[in-house]
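Enquirer: Take a look at this one; I'll ask things after.
Residue numbers (my numbering): 14 to 344.
Following this line, the structure appears as structure tokens:
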């Protein structure tokens, strides 16, 4: 019984320590890679002043699915009038919903009994837990960032919906097919070819097409090779950077006042034009990279203590027409 009691005491200590580390775990996963940082980290916070919608992140406390209200039409009752003239009170349509599935991810942190016994003492256990947690967070960071660029069909369609499916002119997203709902298409330019020949002009047209008034893309994400090809087109006099992006640790250049960043997980030959007004990183309040209850456990018949870190959420969009991508770029 004393040995079992000591195991429970150590598990409780590990649980408390990991719970206290939770905020750091979240920051480490989201702050170091461009796309995740834009969606839910320091890069997104730095850019939040560019629009009234603030952070892309949205926290929900429940719901079988994630619902995004969409406006696809205008109100036809707007008109001028004179005196006692009858006014148009026609009920309006032009609204619908997109419905997104929850995606779930987990990563386990396991400590063998021999490791606990060989690392007696508070500080030794903390160091051991820190090493295990760092391994878990790096692996989860890599997986989430990779999946955020893909089409969501990986692992039997259990992955998050990534940019490859959200920013498309053909894929069904949120239960709505662009073939039926023509307003539900992203701005896609395929087969760009040589960046040196076509890239700059295609970028200019894309930004202009996505801009209405003073509202346009607030971030351009691409690959390292495309980024370097863009850099080659710049003279020293035109080599500008966004200080807000640079201040949070991301090398960047600027095109038409919008920062450009390269991400090693970005699909080869692609350049994405993003806008935080029309994208959301939705998470469940009880599984936002949080430890599953009851924390570390040591099962009967196994000399190991294990805890699970859970994520439940998805990436959603509410206006695909204001998001764009160039594909088939060669360098």
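For each residue, glycine too, the CB sits at the ideal point set by N, CA and C.
#1: What is the residue span of the beta strand (DSSP E) that residue 267 lies within?
#2: Less than 7 Å between C-beta atoms, sequence neighbours within five positions excluded: which residues of the same chain meet that for residue 152?
#3: Would you call the region 102-113 and the region 319-334 in contact, with 3 or more CB pairs under 8 Å?
#4: Counting C-beta neighbours from all protein chains within 10 Å, is the total for residue 341 16 or more, i.e. buried, or is it exposed?
#5: By the three-class DSSP mapping on this structure, what secondary structure does residue 343 have?
#6: Per DSSP, what kind of secondary structure is residue 200 in: helix, strand or coil?
#7: On the three-state DSSP scale, how would you describe residue 65?
#8: Are the CB atoms of residue 186 and residue 338 within a distance shorter than 8 Å?
#9: Please give the ranges of any beta strand (DSSP E) in the region 239-326, keeping only runs that are unbroken, at least 3 residues long and fully inside the region.
#10: Taking the C-alpha atoms as reference points, what is the distance between residue 286 and residue 230?
#11: Within its chain, find whatever has a CB closer than 6 Å to the CB of residue 369; leave out the 5 residues flanking it on each side and keep chain order.
#12: CB-CB under 7 Å to residue 103, same chain, minus the five flanking residues each way: which ones, in chain order?
#13: For the pair the region 225-240 and the region 274-283, tell me if three or more CB-CB distances fall below 8 Å.
#14: On the DSSP bridge list, what partners appear for residue 235?
#15: Name the DSSP beta bridge partners of residue 70, please?
#16: Can you check the region 166-212 for any beta strand (DSSP E) of at least 3 residues that lies completely inside it and give the ranges in chain order?
#17: Helix, strand or coil: how does DSSP classify residue 31 here?
Expert: Let's see:
#1: 266-268
#2: 120
#3: yes
#4: exposed
#5: strand
#6: strand
#7: Residue placement at residue 65 is flagged as unreliable, the pLDDT there being 47, under the threshold of 50; the coordinate-derived value follows with that caveat. Coil at residue 65, not helix or strand.
#8: no
#9: 266-268, 271-275, 284-287 and 292-304
#10: 6 Å
#11: Nothing can be reported for residue 369, as the shown portion of the chain is limited to 14 through 344.
#12: 89 and 90
#13: yes
#14: 275 and 284
#15: 294
#16: 200-202
#17: helix
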